[in-house]
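Engineer: For the protein sequence lines, the chains are A and B, in the order given.
Going by the working numbering, the first sequence opens with residue 26, and the numbers climb by one from there.
Going by the working numbering, the second sequence opens with residue 474, and the numbers climb by one from there.
C-beta atoms are modelled at their ideal positions from N, C-alpha and C, and glycine is treated no differently.
Because the structure is a prediction, the values reported are computed rather than measured.
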Amino acid sequence: MRLLKAIVTLLLAGLLAAGCGQQRILEKLGFIQATGYDLPSEQEREKGRELLVTINVPKADPQGKMKLETLSASVKSSKEARIEFARQTELSLVSGQLRNTLYGVSLAKIGFMNHIDTLVRDPSISQLVKVSVVNGSAHDLLIKRYPEHPNTGQYVDRLLEKESISMAIPRITVYDFTRDYYDDGIDPIAPILKQNAKNIAVDGIALFHNDQYKTRIEPDKTLIFAIIRQNFKYGEMSINLAEDKGEEGQVIFSSVINHRKIRVTREQTDRFSVVIEIVTRGSVHEYTGNLKLSDDADRKKVESLIAGHIEREAGDMLVLMQKNKVDSIGIGQYVRNSMSYSEWKKLNWEEVYPRISIACKAKVIIQDYGKFK
Amino acid sequence: MSLFKRVRHGKNKPIGQPDKPDVLPSLQQTLDEFKDCIDLVHRTMPEIQVEFVYFGHLVGSDPFTREIAVPFSSISADEVPSLLARTQYVETQSAKHLIKEILDGAVAIFYGGKCYVVNVYKPDNRSIEQSETEAVITGPHDSFIETAEVNLSLIRQRVKSSHLKVMKYEVGEVTKTDVYVLYIDRITNMGYVRELSRRIQNIEIDAVHDGNMLVQYIDDHPNSVFPLFPTTERTDAAVSKLVSGRVLAIVDGSPSVISAPASFFEFFSSPDDYYQRWMLGTATRLLRFSAFIITIAFTALYVSVTTFHYEMIPEDLLLTLTESRSRVPFPPIYEALLLETTIELLREAGARLPTKIGQTIGIVGGIVIGQAAVQAGLTSNILIIAVASSAIASFVIPSYVMSASIRLIRFALIILAGMLGNMGLIMGMALVVIHLSGLTSLQSSYLTPVAPGRFKDWRDVFIRAPFWMLKERPTQSKSPNEMKNKMKE
Numbered sequence: 026m027r028l029l030k031a032i033v034t035l036l037l038a039g040l041l042a043a044g045c046g047q048q049r050i051l052e053k054l055g056f057i058q059a060t061g062y063d064l065p066s067e068q069e070r071e072k073g074r075e076l077l078v079t080i081n082v083p084k085a086d087p088q089g090k091m092k093l094e095t096l097s098a099s100v101k102s103s104k105e106a107r108i109e110f111a112r113q114t115e116l117s118l119v120s121g122q123l124r125n126t127l128y129g130v131s132l133a134k135i136g137f138m139n140h141i142d143t144l145v146r147d148p149s150i151s152q153l154v155k156v157s158v159v160n161g162s163a164h165d166l167l168i169k170r171y172p173e174h175p176n177t178g179q180y181v182d183r184l185l186e187k188e189s190i191s192m193a194i195p196r197i198t199v200y201d202f203t204r205d206y207y208d209d210g211i212d213p214i215a216p217i218l219k220q221n222a223k224n225i226a227v228d229g230i231a232l233f234h235n236d237q238y239k240t241r242i243e244p245d246k247t248l249i250f251a252i253i254r255q256n257f258k259y260g261e262m263s264i265n266l267a268e269d270k271g272e273e274g275q276v277i278f279s280s281v282i283n284h285r286k287i288r289v290t291r292e293q294t295d296r297f298s299v300v301i302e303i304v305t306r307g308s309v310h311e312y313t314g315n316l317k318l319s320d321d322a323d324r325k326k327v328e329s330l331i332a333g334h335i336e337r338e339a340g341d342m343l344v345l346m347q348k349n350k351v352d353s354i355g356i357g358q359y360v361r362n363s364m365s366y367s368e369w370k371k372l373n374w375e376e377v378y379p380r381i382s383i384a385c386k387a388k389v390i391i392q393d394y395g396k397f398k
Numbered sequence: 474m475s476l477f478k479r480v481r482h483g484k485n486k487p488i489g490q491p492d493k494p495d496v497l498p499s500l501q502q503t504l505d506e507f508k509d510c511i512d513l514v515h516r517t518m519p520e521i522q523v524e525f526v527y528f529g530h531l532v533g534s535d536p537f538t539r540e541i542a543v544p545f546s547s548i549s550a551d552e553v554p555s556l557l558a559r560t561q562y563v564e565t566q567s568a569k570h571l572i573k574e575i576l577d578g579a580v581a582i583f584y585g586g587k588c589y590v591v592n593v594y595k596p597d598n599r600s601i602e603q604s605e606t607e608a609v610i611t612g613p614h615d616s617f618i619e620t621a622e623v624n625l626s627l628i629r630q631r632v633k634s635s636h637l638k639v640m641k642y643e644v645g646e647v648t649k650t651d652v653y654v655l656y657i658d659r660i661t662n663m664g665y666v667r668e669l670s671r672r673i674q675n676i677e678i679d680a681v682h683d684g685n686m687l688v689q690y691i692d693d694h695p696n697s698v699f700p701l702f703p704t705t706e707r708t709d710a711a712v713s714k715l716v717s718g719r720v721l722a723i724v725d726g727s728p729s730v731i732s733a734p735a736s737f738f739e740f741f742s743s744p745d746d747y748y749q750r751w752m753l754g755t756a757t758r759l760l761r762f763s764a765f766i767i768t769i770a771f772t773a774l775y776v777s778v779t780t781f782h783y784e785m786i787p788e789d790l791l792l793t794l795t796e797s798r799s800r801v802p803f804p805p806i807y808e809a810l811l812l813e814t815t816i817e818l819l820r821e822a823g824a825r826l827p828t829k830i831g832q833t834i835g836i837v838g839g840i841v842i843g844q845a846a847v848q849a850g851l852t853s854n855i856l857i858i859a860v861a862s863s864a865i866a867s868f869v870i871p872s873y874v875m876s877a878s879i880r881l882i883r884f885a886l887i888i889l890a891g892m893l894g895n896m897g898l899i900m901g902m903a904l905v906v907i908h909l910s911g912l913t914s915l916q917s918s919y920l921t922p923v924a925p926g927r928f929k930d931w932r933d934v935f936i937r938a939p940f941w942m943l944k945e946r947p948t949q950s951k952s953p954n955e956m957k958n959k960m961k962e
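(1) Taking only three categories from DSSP, how would you classify Pro-804(B)?
(2) What did DSSP end up calling Lys-829(B) once you bin it into helix, strand or coil?
(3) Using a Cβ cut-off of 9 angstroms (strictly closer), state whether Gln-152(A) contacts chain B.
(4) For the segment 786-802 of chain B, enumerate the residues whose C-beta is nearer than 9 angstroms to any C-beta of chain A, in chain order.
(5) For Phe-56(A), decide whether its Cβ has a neighbour in chain B, counting only Cβ atoms nearer than 9 angstroms.
(6) Around the Cβ of Cys-510(B), are there at least 16 other Cβ atoms within 10 angstroms (buried) or fewer (exposed)?
(7) Closer than 9 angstroms, CB to CB, is Met-192(A) near chain B or not?
(8) Taking the alpha carbon of Met-262(A) as the reference point, which residue from Glu-272(A), Asn-283(A), Asp-323(A) has its own alpha carbon closest?
(9) Would Thr-779(B) be called buried (16 or more neighbouring beta carbons within 10 Å of its own) or exposed?
(10) Is the separation between the beta-carbon of Gln-58(A) and that of Arg-107(A) shorter than 9 angstroms?
(11) Which class does Gln-174(A) belong to by DSSP, given the choice of helix, strand or coil?
(12) How is Gln-561(B) classed by DSSP in three states: helix, strand or coil?
(13) Between Thr-772(B) and chain A, is any beta-carbon pair separated by less than 9 angstroms?
(14) Within 9 angstroms of any Cβ in chain A, is that where the Cβ of Leu-904(B) sits?
(15) Once the 5 residues before and after His-570(B) are set aside, which same chain residues still bring their CB inside 7 angstroms of it?
(16) Taking only three categories from DSSP, how would you classify Thr-34(A)?
(17) Let me make sure I understand the geometry here. Which of Ile-249(A), Lys-326(A), Lys-388(A) has the alpha-carbon closest to that of Met-9(A)?
(18) Please list, in chain order, the chain B residues whose beta carbon lies closer than 8 angstroms to that of Gly-121(A).
(19) Verify whether the separation of the beta carbon atoms of Arg-49(A) and Ser-117(A) is less than 9 angstroms.
(20) Could you pull the start and end residues of the alpha helix (DSSP H) that Asp-321(A) belongs to?
(21) Within its chain, find whatever has a CB closer than 8 angstroms to the CB of Asp-693(B); leave out the 5 residues flanking it on each side and keep chain order.
(22) With 9 angstroms set as the bound, which would you pick, yes or no: does the beta-carbon of Thr-780(B) sit closer than that to a beta-carbon of chain A?
(23) What number of angstroms, rounded off, separates the C-alpha of Leu-93(A) from the C-alpha of Ser-149(A)?
(24) Could you round the C-beta distance between Tyr-238(A) and Ala-133(A) to whole angstroms and report it? I think they count as a contact, below 8 angstroms.
(25) Which stretch, first to last residue, makes up the alpha helix (DSSP H) that contains Ser-862(B)?
(26) Does the beta-carbon distance from Ile-676(B) to Val-644(B) come in below 9 angstroms?
(27) Compute the beta-carbon to beta-carbon distance between Tyr-200(A) and Leu-153(A), rounded to the nearest angstrom, for a pair I have assumed lies under 8 angstroms.
(28) Indicate whether the contact test is met: 3 or more Cβ pairs, each with one atom in the segment 801-817 of chain B and one in the segment 775-790 of chain B, closer than 8 angstroms.
(29) Just checking: is the beta-carbon of Pro-695(B) within a distance shorter than 9 angstroms of some beta-carbon in chain A?
(30) Please go through the segment 680-751 of chain B and give each complete beta strand (DSSP E) segment of 3 or more residues, from N-terminal end onward.
(31) Could you check the C-alpha separation between Val-300(A) and Ala-387(A) for me, to the nearest Å?
(32) Output, in chain order, the set of chain B residues within a Cβ distance shorter than 7 angstroms of Glu-52(A).
(33) Does Ala-416(A) get closer than 9 angstroms to chain B when you measure Cβ to Cβ?
(34) In chain B, which residues lie with their C-beta within 7 angstroms of the C-beta of Gln-48(A)?
(35) Expressed to the nearest angstrom, what Euclidean distance is found between the alpha-carbon atoms of Glu-115(A) and Arg-800(B)?
(36) Along the segment 112-142 of chain A, where does the CB come closer than 8 angstroms to a CB of chain B? Name the residues.
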C-alpha cells in the first residue's frame, strides 16, 4: 500500500507540477547572443524614445549554414524592447545565452548603469557577460554583416576573449563592471570596439567615472595600463627605444610576468604620495638595436631603458587619469586601506585624487633573449 | 497489505499432505510407490536371493560396478550377510527414507526382509566451461555448472580447509532441489549463516529452477528493483566472497551461486580488479561507478536540458543541437522514450537470438535505426549519442541482474526530467538514494559502507587500494576474524 501511495503521490505531484515549469524547448527559442544599446537619432528622441536596442539572434539552419537574425527597435525602455522584438520574430526570445553587451559611445557618455542593472537582476543572465563600449554606434556594429565572420556575437566574444588573454584589454564582465562601479576606491573600465570596413577591431580601453565614459587609453598603450593596474602572467608589448635618448632599436618584450605594488604614504590630511612599484619579467623576442643582449652590462642597459619607457608612459597615463578624475587603477582602494574607515568616509576622494602625487618605479628583468648572441 | 513491507520469513507449517505414518520398507511397497515409473530398474539375483531397485540413469556405471555388480556376482548365498555388513551398505528402517534415497541415485538392496541402500549417484553433467555472462580477460576461466556436486568440488579445490563447512537443505515440494549452504568457520559470522539457513528452510514452493529465482524467495525486500544478493557463476568470485566472510548458497541445477549479505557497491566490483595492478583496478572501478551515473542520468539530462535548461548548453554546441532538434517533430521526452524503447527492443532481440543472427541485429540497430532515424528526422543525432552511451554504460556493470535493474530506473528518470527538468532529475535520483538506503540484505544495510559510514572499507569499494592496505575483511561481514593479511608496506 505504501508503494502504491508513493507511486500515486509521485504521479500526482508530477502531473500537477508539470504545468508549473515553463517549457523552453530548444528549437522554439531564439537565443540573444549580443545586445547593443545606443542613443537613437534626434527625431526618435523627440518622440520620447530614449533608447535604441539591437539584438543578435543566431539561428540554426538545416543545411548547417549560419544564419543570423538582427533585430532593433527604438523604445522608451529596455522592457518595451522585449515586446517590440517579440512582434518581429517567430521564436521566443530568451537571454540565457547572452555573451556580450555593447554600448554606443554616445550612450556611454551619459551613463548606462540602469541597463547593466537589468542584466544583473535577471537570474538567467550570466554574470560573465562581457561589457564593452563601441567607438561609434553599437547598432551599426551589430547590424552589419561581416562575410568572414557569419556570427557577429560569437566573433565579438572570441575577439574580446582572445585579446584579454594577452592583456591587450582587460576582461570586463557585468560582474567586474558593477563591482568597480559600487566600489568607492576604483572606477570601472571597459574595452572599446571599433567597426572597420570589413571587420571589428579592439580600440583601446574606456575609462569611466561612475558609469560615464570620460577618456580612453589608446590601443598601443593598453599593456602599460595593464602593468600599473594589476598583476598578470602573460602579456606582450613592443617598445621603440629610439623614443628614448641614446639608444635605437625596437624591442618586442614578450611572455611578460608582471607584479605591481602600490605604497601609500599620507603626508597631510588630504595629501598623499603614492608609489607604484612594478617588477616585470619577460623574454625579448625581437631586438633590432646594437647592444649585445648576451653581455650582462648591455642587457642591464636595455632593461633600464625598457623600465624608463614604462615609467614615462605610465606617468603620462596617470596624469591623464588624474586630469579626467578617473581612478581606473584603484589607487583609492590602497588609500582606503591605509586609514580607518571613518577617516576614509571623511575624505572626499574624488576631490583629493587629482592632487595626489603618484610616482612609478619599474624594474625590468630580461629572462631570455634567444639563441643568438 | 503492504507492498513495501519487509517479508518476514516466519515459521509456517508446511503445506501438502499430512505425513503418512512411517513403516518398515518392503520391496512390494517400494514398487507400488514407483508404479508407472518405467525408468525404474528392478533386478533380481535368484541364486543369492537379493533384489535391487534403482534408477538406471541416476547411477554411474563405475560406482555401480564397484559396489553392486562385482561384489554380488562373485559370492555365494551364505556370504551375502557378511558382504552387506560392509559400511557402504546402510540398512534403512524407514520407507520414506528409502524412497528419497532411490530418488537421490541410491541402489536399494532387499535381502531377507531387510533393506539396504548404497549411494552410487553419478549424474550426467556438462563440462566446465567459461562463463558467458561474467567473462574476464585475465584470471581463472572455470565457472560453475548445473550440478551442485561439481560446483562444491570446484569450491573445495580452491579452499582446502577443514573450516569450510557445508550444510544441505531441500527446497521445493515436488522437485526436492538440494540447496547447499557454505561458510568458513571462524571467518563467517554465524548469525548470517543461521539467518540464511532459516530463510531457505522456510521457503514453501513446488519448484526451484535457478539460484536467481531462489534469491527472490529469501529476499528482504522482494518489491525493490535492486537485487539484494549477488549471484555469480565464477568460482574465483564465489571463493573470494566466501573468504571475506559471506555465506554462499549453491542450488542444484543452477550455475548461479548466491552470496549473502551484500552491499549495493559489491555489484560494481569484478574479480579482475584484483588481478590487475591496483591503479588499473581503481581506474576501472571508478569507471564503473561513472557508468552507473551515465546509464541512469544521461538521456534524462538531455531531455531536461533541451526542454527546460537551454542556459546549460555550451555556446558551440547550441546551434548544432538546435539544428538537429529543429527537424524532430516530437518534444524531447517522446523522442527520448522512443529511442530508449528501440534500444531495449534491440537488446532483448539480441539476447534471444543465436550469435550469428545476433550480429545482424547489431547492424540493423546500429546502422539502419541509428543513421536512418536521424536522416528521417525522427530523432536528433545528439540523442542517439546519449542513448547509445547510456546503453553501453549499462553493460559496463559486471552484474547482469543489476545492470537490468538500473536500465529500468532510467525510464522513470527520463519521464521525471521531461516533466520537471533538472529538478525532476534530482528528485528522481534522491528517491533512488532514499530507496536504496532503506534496503537491507540479510538484515544488514544495503548501502554499507556509505550508510552506515565505514570509511576504512571505502578503499576496497570505490577504489581498489593496493593489497597492503586491504588488511581487514569488510565490516558488513561482521567477521569474528577481521584481519586477512599482515602484509607490511
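Structural biologist: Reading from the atomic positions:
(1) Locating residue 804(B) in the second sequence gives position 331, where the first residue counts as 1. DSSP places Pro-804(B) in coil when its eight states are reduced to three.
(2) Here residue 829(B) refers to the residue found at position 356 when the second sequence is read from its first residue. Helix.
(3) By one-based count along the first sequence, residue 152(A) stands at place 127. Taking Cβ atoms only, chain B never reaches closer than 9 angstroms to Gln-152(A), which makes this a no.
(4) Ile-786, Glu-788, Asp-789, Leu-791, Leu-792, Thr-793, Leu-794, Thr-795, Glu-796, Ser-797, Arg-798, Ser-799, Arg-800, Val-801
(5) To locate residue 56(A), count along the first sequence from 1; it is residue 31. True, the Cβ-Cβ gap to chain B drops below 9 angstroms.
(6) Here residue 510(B) refers to the residue found at position 37 of the second sequence. With fewer than 16 other Cβ atoms within 10 Å, it is exposed.
(7) One-based indexing of the first sequence puts residue 192(A) at position 167. Judged by the 9 angstroms Cβ criterion, Met-192(A) is not in contact with chain B.
(8) Against the first sequence, residue 262(A) aligns to sequence position 237. When each option's Cα is compared against that of Met-262(A), the closest is Asn-283(A).
(9) Taking the second sequence and counting its residues from 1, one reaches residue 779(B) at position 306. Looking at its Cβ environment, which holds 16 or more other Cβ atoms inside 10 Å, Thr-779(B) is buried.
(10) For the purposes of this step, residue 58(A) is taken as the residue at position 33 of the first sequence. For the purposes of this step, residue 107(A) is taken as the residue at position 82 of the first sequence. Result no, Cβ atoms of Gln-58(A) and Arg-107(A) do not sit closer than 9 angstroms.
(11) Along the first sequence, one-based indexing puts residue 174(A) at 149. Per the sequence presented here, residue 174(A) reads as His, with Gln not at that position. His-174(A): strand per DSSP, three-state reduction.
(12) Here residue 561(B) is taken as the residue at index 88 of the second sequence, counted from 1. Three-state DSSP puts Gln-561(B) in coil, outside helix and strand.
(13) What you label residue 772(B) is simply residue 299 of the second sequence in a count that begins at 1. With 9 angstroms as the cut-off, Thr-772(B) does not count as an interface residue toward chain A.
(14) Translated into the one-based positions of the second sequence, residue 904(B) becomes position 431. It does; some Cβ of chain A falls within 9 angstroms.
(15) Numbered from its first residue, the second sequence carries residue 570(B) at position 97. Cβ within range, chain order: n/a, list empty.
(16) Your numbering for residue 34(A) matches position 9 in the first sequence. In the structure shown, Thr-34(A) sits in a helix (DSSP, three-state: H, G or I).
(17) This structure cannot settle anything about residue 9(A), because the visible part of chain A is limited to 26 through 398.
(18) For the purposes of this step, residue 121(A) is taken as the residue at position 96 of the first sequence. Per Cβ cutoff of 8 angstroms: Tyr-783, Glu-784.
(19) Indexing the first sequence from 1 puts residue 49(A) at position 24. Indexing the first sequence from 1 puts residue 117(A) at position 92. Going by C-beta atoms, Arg-49(A) is nearer than 9 angstroms to Ser-117(A).
(20) Taking the first residue of the first sequence as 1, we reach residue 321(A) at position 296. Element bounds for Asp-321(A): 321-348.
(21) Within the second sequence, residue 693(B) is the residue found at index 220, counting from 1. Answer for Asp-693(B): Arg-479, Val-480, Leu-701, Leu-912, Thr-913, Ser-914, Leu-915, Gln-916, listed in chain order.
(22) Numbered from its first residue, the second sequence carries residue 780(B) at position 307. Cβ-Cβ to chain A under 9 angstroms: yes for Thr-780(B).
(23) The residue given as residue 93(A) occupies position 68 in the first sequence. The residue given as residue 149(A) occupies position 124 in the first sequence. When rounded, the distance between both Cα atoms is 22 angstroms.
(24) Here residue 238(A) refers to the residue found at position 213 when the first sequence is read from its first residue. Here residue 133(A) refers to the residue found at position 108 when the first sequence is read from its first residue. Going by Cβ atoms, the distance from Tyr-238(A) to Ala-133(A) rounds to 4 angstroms, so yes, they are a contact pair.
(25) Within the second sequence, the letter at position 389 stands for residue 862(B). That run of the alpha helix (DSSP H) goes 854-869.
(26) Stepping through the second sequence from its first residue, residue 676(B) is reached at position 203. Stepping through the second sequence from its first residue, residue 644(B) is reached at position 171. It is a contact, given that the beta carbons lie within the stated cut-off.
(27) In the first sequence, counting from the first residue as 1, residue 200(A) sits at position 175. In the first sequence, counting from the first residue as 1, residue 153(A) sits at position 128. The pair is a contact, with the Cβ atoms about 7 angstroms apart (cut-off 8 angstroms).
(28) yes
(29) Taking the second sequence and counting its residues from 1, one reaches residue 695(B) at position 222. Taking Cβ atoms only, chain A never reaches closer than 9 angstroms to Pro-695(B), which makes this a no.
(30) 720-724, 730-733
(31) Looking up residue 300(A) in the first sequence gives position 275. Looking up residue 387(A) in the first sequence gives position 362. Between Val-300(A) and Ala-387(A), the C-alpha separation is close to 10 angstroms.
(32) Position 27 of the first sequence holds residue 52(A). The contacting residues are Thr-795, Arg-798, Ser-799.
(33) No statement about residue 416(A) is possible, as the shown extent of chain A runs from 26 to 398 and does not include it.
(34) One-based indexing of the first sequence puts residue 48(A) at position 23. Chain B residues near Gln-48(A): Thr-780, Phe-781.
(35) Here the question's residue 115(A) lines up with position 90 in the first sequence. Here the question's residue 800(B) lines up with position 327 in the second sequence. Distance between the alpha carbons of Glu-115(A) and Arg-800(B): 16 angstroms.
(36) Val-119, Gly-121, Gln-122, Arg-124
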